[in-house]
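A.B. asks: These protein sequence lines map, in sequence, to chains U and Z. Residue numbers for the first sequence follow the working numbering, so the first one is 2 and each next one is one higher. Residue numbers for the second sequence follow the working numbering, so the first one is 102 and each next one is one higher. Pasting in a structure now, in structure tokens, and then I'll have a few things to ask.
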Amino acid sequence: EAGVAQSPRYKIIEKRQSVAFWCNPISGHATLYWYQQILGQGPKLLIQFQNNGVVDDSQLPKDRFSAERLKGVDSTLKIQPAKLEDSAVYLCASGRAGVSTDTQYFGPGTRLTVL
Amino acid sequence: TQLLEQSPQFLSIQEGENLTVYCNSSSVFSSLQWYRQEPGEGPVLLVTVVTGGEVKKLKRLTFQFGDARKDSSLHITAAQPGDTGLYLCAGAPNSGYALNFGKGTSLLVTP
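Structure (structure tokens):
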């Protein structure tokens, strides 16, 4: 089966600009996650969707970050405006059941550099 | 947020050596997962452990979940260059909670 697709793979922007990332999960997976991975750290959950509803967005900086999952399939994550500390790899993952013992399948990530 | 401490942070060994990396917390987890992440890629699940004291083997990799479900270890026997990567542990207090990831152990195995 095809894996999780993400685009773009790399993005360089200046601070205060806007940026959007796209994720296409594995077909049939109900759960979709967005993570932020800063260099030298593990992934930090930003938001979890179950179908097209939000399950957990407690760590999403809502003043600048937004995410949506269109029709319960693809998802976009937006940052507006970007700050220097947003430089990180943004990982998308999908899973079947949305519980902690579920296997999460990760995409390759989008590496964002904010100058 | 439950904190997962991983040690060592970095490990550089030669092919054929054995190694153990650790994942510790002061909190109890209902389950714990180990992932490996290679440069430029997303993490890939290696194993899920759910029972205190559980031991799982995956070829040369042995995973153990502590009796109290607060810690875990990953032992690699006869490491190979293909084992190089970032090893991440992740856990949740119960099945309805999101995973918390540790910072990882970066392993380099040289020929």
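We put the beta carbon where it would ideally sit given N, CA and C, even for glycine. Source: prediction; values computed, not measured.
Where does T206 of chain Z land, buried or exposed, given buried means 16+ other C-beta within 10 angstroms?
C.D. replies: buried
A.B. asks: Within the continuous beta strand (DSSP E) that includes D64 of chain U, where are the two ends?
C.D. replies: Unbroken run through D64 of chain U: none, as it is neither H nor E.
A.B. asks: For the region 115 to 130 of chain Z, which residues have a CB atom closer than 9 Å to at least one CB atom of chain A, in sequence order?
C.D. replies: Absent from the structure: chain A. Protein chains present are U and Z.
A.B. asks: Please list the partners that G197 of chain Z has in chain U, where partner means a Cβ-to-Cβ separation under 8 Å.
C.D. replies: V100 and S101
A.B. asks: Using DSSP with H/G/I as helix, E/B as strand and the rest coil, what is E155 of chain Z?
C.D. replies: coil
A.B. asks: Going by beta-carbon coordinates alone, are G99 of chain U and V55 of chain U separated by less than 8 Å?
C.D. replies: no
A.B. asks: Since Q7 of chain U and G110 of chain U are thought to touch, with beta carbons under 8 Å apart, how far apart are those beta carbons, to the nearest angstrom?
C.D. replies: That pair is a contact at about 6 Å.
A.B. asks: Counting only beta-carbon atoms, is A94 of chain U nearer than 8 Å to chain Z?
C.D. replies: yes
A.B. asks: To the nearest angstrom, how far is the alpha carbon of L112 of chain Z from that of V5 of chain U?
C.D. replies: Distance between the alpha carbons of L112 of chain Z and V5 of chain U: 30 Å.
A.B. asks: Roughly how many whole angstroms lie between the Cα atoms of D184 of chain Z and Y34 of chain U?
C.D. replies: 26 Å
A.B. asks: So D58 of chain U and W23 of chain U are supposed to be a Cβ contact under 8 Å. How far apart are they, rounded?
C.D. replies: Wrong, their Cβ atoms sit about 18 Å apart, outside the cutoff.
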